[in-house]
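S.K.: Here the numbering used here runs 153 ahead of the position in the sequence shown, where the first position is 1. Attaching a single structure in structure tokens format; questions to follow.
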Amino acid sequence: MNSTSFKAACATGQDWEDITGQLRTALAPEPNGASLGLLYVSDPMAPYLNNLLEALRQSTGVRDWVGTVGSGICYSGREIYDEPAAVAMLATLPEDSYRLVPAGIDSLSDMLNENRNWIAEHAVHFGIVHGDPRNTHIPQLIETLSAELNPGFLVGGLSSASDDHYLQQIAGDLYSEGLSGVLLSSAVPVISGLTQGCTPLAGKHTITRSEGNLLAELDGRPALDVFKEDVGEVLSKDLSRVAGYIFAGLPVPGSDTGDYLVRNLIGIDPREKLLAIGDILEDDAPIMFCRRDGETAREDMLRMLRDLHKRAGGRIKAGLYYSCLGRGRNQFGDNSEELKMISAELGDFPLVGFFANGEISHNLLYGYTGVLTLFLGD
């Protein structure tokens, strides 16, 4: 079998049994030969993730699943928050075109060693992965897995749930605290795009003195002085107003689209004129400051969607969307506006995803972004 096909369903309800029944009905009859399932559940459904997973395995006959829990979940033109809900997608893929990625350093290493021939022979350079936001090594794991695929392009996000006990991922089995997912061979054609949710305030600066996550000097001047100039007179007079509005942006080396990693400002020391950034800093590296801007986020979303539309050439069969939990209703509006933009620009096709605590694109962990991946037909 050399073709791919996808079928997706969404369900809301009072409990996991109700939701399972709805998904079972919507997915029936299952695509002929469906081999891989993707499952995302909303925060209220998190305690019942395993119940739902096992019920779907029995009803669909699909054994291999990947997925996780999100503060909200995505479906074609729809965002769902704050209520029990789940989205599922069944994929019929070419024979021998995927491998599940288990969580854990040793398990990941064993999996890669056992499949080196498969990775080489099937030109495996793409993966869908989910991570635990409590694990501080996730950025390194993403980078390592991407490098192992030489080159590897990963998409996905970090689980997001109100209760840390339910930050679980699916990769065949249930996992927590690591990075897990699925690798797909080149027999499954995909394209992917990234959209930013912030706007740079001014030009790039050079870090001239830092220690750990503390920023002391920019361009040879006290960091706070430069920061105040960039944010303007009104905000600089009341720095308490910058929280949740102004962020640090770390430009991605070699990016031809101006991508940057958005990191939180986690502290300001007016006396020593220091800034604390939510990442480890390096001297001589570039940095800039940016603001969350709903209008610019919409404009950049349109840019990404129109670029993907051109690249897809009318061959879209299905999609995955991973968006920051700070986007969605918090940045675009309450009426599923972010997901409706995708449908308006690209049309109607099976799409699932979730609102994440960090988004994964290529080999980096982002924040305040949206990552859209499209499966293409022949």
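Beta carbons are placed, not taken as given, at the ideal position from N, Cα and C, and that holds for glycine.
For Val524, does the three-state DSSP call read helix, strand or coil?
M.R.: In the structure shown, Val524 sits in a strand (DSSP, three-state: E or B).
S.K.: Give a yes or no on whether the C-beta atoms belonging to Leu192 and Thr213 are separated by under 8 angstroms.
M.R.: The answer is no: Cβ separation not under 8 angstroms.
S.K.: Can you tell me whether Asn510 is buried or exposed, with buried defined as 16 or more other CB within 10 angstroms of its CB?
M.R.: Its Cβ being crowded by 16 or more others within 10 Å, Asn510 is buried.
S.K.: Once DSSP output is grouped into helix, strand and coil, what is the label at Arg210?
M.R.: Three-state result, Arg210: helix.
S.K.: Any contact between the region 347-358 and the region 451-466? By contact I mean 3 or more CB pairs, one from each, below 8 angstroms.
M.R.: The region 347-358 is in contact with the region 451-466.
S.K.: Drop a sphere of 10 angstroms on the beta-carbon of Gly407, count the other beta-carbons inside from all chains shown, and report buried for 16 or more, exposed for fewer.
M.R.: When all chains shown are included, Gly407 counts as exposed.
S.K.: Indicate whether the contact test is met: 3 or more Cβ pairs, each with one atom in the region 432-440 and one in the region 484-491, closer than 8 angstroms.
M.R.: Judged by Cβ distances under 8 angstroms, the region 432-440 makes no contact with the region 484-491, as fewer than three pairs qualify.
S.K.: For the alpha helix (DSSP H) holding Gly508, just list the boundary residues, first then last.
M.R.: For the sequence presented, residue 508 should be read as Phe rather than Gly. Per DSSP, Phe508 belongs to no alpha helix (DSSP H); it is in the beta strand (DSSP E), 504-509.
S.K.: Looking at the structure shown, is Thr352 part of a helix, part of a strand, or coil, going by DSSP?
M.R.: Strand, per DSSP.
S.K.: Alpha carbons only, please: which of Ala465, Gly411, Ser339 is nearest the one belonging to Ser250?
M.R.: The shortest Cα separation from Ser250 among Ala465, Gly411, Ser339 belongs to Ser339.
S.K.: Give me the residue from Ala162, Val308, Asn483 with the minimum Cα distance to Tyr519.
M.R.: The candidate whose alpha carbon is nearest that of Tyr519 is Val308.
S.K.: For Met154 and Arg468, I'd like the C-alpha separation in whole angstroms.
M.R.: In this prediction, Met154 scores a pLDDT of 43, lower than 50, which makes its location untrustworthy; the coordinate-derived value is nonetheless stated afterwards. C-alpha separation (whole angstroms): 19 angstroms.
S.K.: Suppose you measure from the CA of Ala256 to the CA of Gly280; what does that come to, to the nearest Å?
M.R.: If you take the alpha carbons of Ala256 and Gly280, they lie about 14 angstroms apart.
S.K.: Give me the DSSP bridge partner(s) of Ala374.
M.R.: Here residue 374 turns out to be Arg, not Ala, going by the sequence shown. Its beta-bridge partners are Leu371.
S.K.: Name the two residues that bound the continuous alpha helix (DSSP H) containing His515.
M.R.: Where His515 is concerned, there is no enclosing alpha helix (DSSP H), although the beta strand (DSSP E) it sits in stretches over 512-515.
S.K.: Secondary structure at Val405, three-state DSSP: helix, strand or coil?
M.R.: Reduced to three states, the DSSP call for Val405 is coil.
S.K.: Does the Cβ-Cβ distance between Val395 and Val384 come in under 8 angstroms?
M.R.: Their beta carbons are under 8 angstroms apart, which means Val395 touches Val384 by this criterion.
S.K.: Counting Cβ pairs closer than 8 angstroms, one from the region 177-185 and one from the region 196-207, do we hit at least three?
M.R.: They do not touch, by the three-pair rule.
S.K.: At what residues does the alpha helix (DSSP H) containing Val387 begin and finish?
M.R.: From DSSP, the alpha helix (DSSP H) with Val387 extends over 386-390.
S.K.: So what's Gln293 in DSSP terms, helix, strand or just coil?
M.R.: Note: Gln293 maps to helix in three-state DSSP.
S.K.: At a cut-off of 7 angstroms, would you count Ser476 as near the ligand FAD, judging by its Cβ distance to the nearest heavy atom?
M.R.: Absent from the structure shown: the ligand FAD. Ligands present: none.
S.K.: Tyr377 and Leu428: beta carbons closer than 8 angstroms?
M.R.: The question names Tyr, but residue 377 is Leu in the sequence shown. Yes, the Cβ-Cβ distance between Leu377 and Leu428 is below 8 angstroms.
S.K.: Tell me the residue span of the alpha helix (DSSP H) that contains Gln175.
M.R.: Unbroken alpha helix (DSSP H) run through Gln175: 169-180.
S.K.: For Gly500, which three-state DSSP category applies?
M.R.: Gly500: coil per DSSP, three-state reduction.
S.K.: Cutting at 8 angstroms between CB atoms, please list the residues of its own chain near Leu517, excluding the five before and the five after it.
M.R.: If we look at Leu517 and ignore the five residues flanking it on each side, its Cβ neighbours are Pro292, Ile295, Glu296, Val405, Leu414.
S.K.: Taking the Cβ atom as the reference point for each residue, do Ala161 and Val240 lie within a distance shorter than 8 angstroms?
M.R.: Yes, these two residues count as a Cβ contact at 8 angstroms.
S.K.: DSSP has Ile469 in a bridge; who is on the other side?
M.R.: In the DSSP output, where bridge partners are listed per residue, Ile469 has Leu529.
S.K.: As an exercise, report each continuous beta strand (DSSP E) stretch of at least 3 residues that is fully enclosed by the region 265-337, in chain order.
M.R.: DSSP runs (the beta strand (DSSP E)) wholly in the region 265-337: 279-284, 306-311, 322-324, 326-328, 332-337.
S.K.: Is it a yes or a no for the region 281-291 touching the region 349-369, going by three-plus beta-carbon pairs under 8 angstroms?
M.R.: Taking 8 angstroms as the limit for Cβ pairs, the verdict is that the region 349-369 does not touch the region 281-291.
S.K.: Alpha carbon to alpha carbon, how far is Asp437 from Ser315?
M.R.: Cα-Cα distance, rounded: 38 angstroms.
S.K.: Once you ignore the five residues that flank Asn288 on each side, which residues in its own chain have a CB closer than 6 angstroms to its CB?
M.R.: So the list reads Glu330, once near-sequence residues are dropped.
S.K.: Given Ser496, which residues of its chain have a CB within under 7 angstroms of its CB, disregarding the five upstream and five downstream residues?
M.R.: So the list reads Ser229, Gly230, once near-sequence residues are dropped.
S.K.: Can you tell me whether DSSP reads Thr449 as helix, strand or coil?
M.R.: In the structure shown, Thr449 sits in a helix (DSSP, three-state: H, G or I).
S.K.: Enumerated in chain order, which unbroken segments of the beta strand (DSSP E) with a length of 3 residues or greater are wholly contained in the region 188-234?
M.R.: Runs found: 189-195, 217-223, 225-228, 231-234.
S.K.: Nearest by alpha-carbon distance to Ile226: which of Arg362, Pro247, Asp196, Ala208 is it?
M.R.: When only C-alpha atoms are compared, the closest one is Asp196.
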